[in-house]
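A short worksheet on the structure shown next.
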Amino acid sequence: MTLARSLERATAEILRGLLPERRLRSNARVVRRKMSNFGVKRATHRRWPQPTMPVGQAIALVVPP
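Now the structure itself:
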């Protein structure tokens with residue numbers, strides 16, 4: 182098998198395993214219980230701000246020269 186053919190097969194196998202695009206959502210890191218390392222859930226956490234763009238657009242990779 183040639184290198185090009187192997188690369189095509191590997192790429193096709195990876196693409197078959199991709200997950201569907203996720204919804205834009207976010208939740209506050211709070212709990213209802215009192216004894217926890219996270220903050221207590223309060224009324225301000227009910228309408229938690231949701232993301233405005235997908236993660237892929239929000240993250241910028243910086244490559245050193």
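In our numbering, the protein residues as written are 182 to 246.
Where is the CB? At the ideal position from N, CA and C, for every residue including glycine.
- Query: Is the region 226-243 in contact with the region 197-213, if contact means three or more CB pairs nearer than 8 angstroms?
  - Reply: yes
- Reduced DSSP secondary structure (H/G/I, E/B, other) of Ala243: Walking along the sequence shown from the start, residue 243 turns up at place 62. The question names Ala, yet the displayed sequence has Val at residue 243. It is coil, neither helix nor strand.
- Message: Whole angstroms are fine: how far does the CA of Arg206 sit from the CA of Arg186?
- Response: Counting from 1 along the sequence shown, the entry for residue 186 is found at position 5. Counting from 1 along the sequence shown, the entry for residue 206 is found at position 25. Each residue's alpha carbon lies about 40 angstroms from the other.
- Message: Tell me the DSSP secondary structure of Gly220 in three-state form.
- Response: The residue you call residue 220 lines up with position 39 of the sequence shown. Correct three-state label for Gly220: strand.
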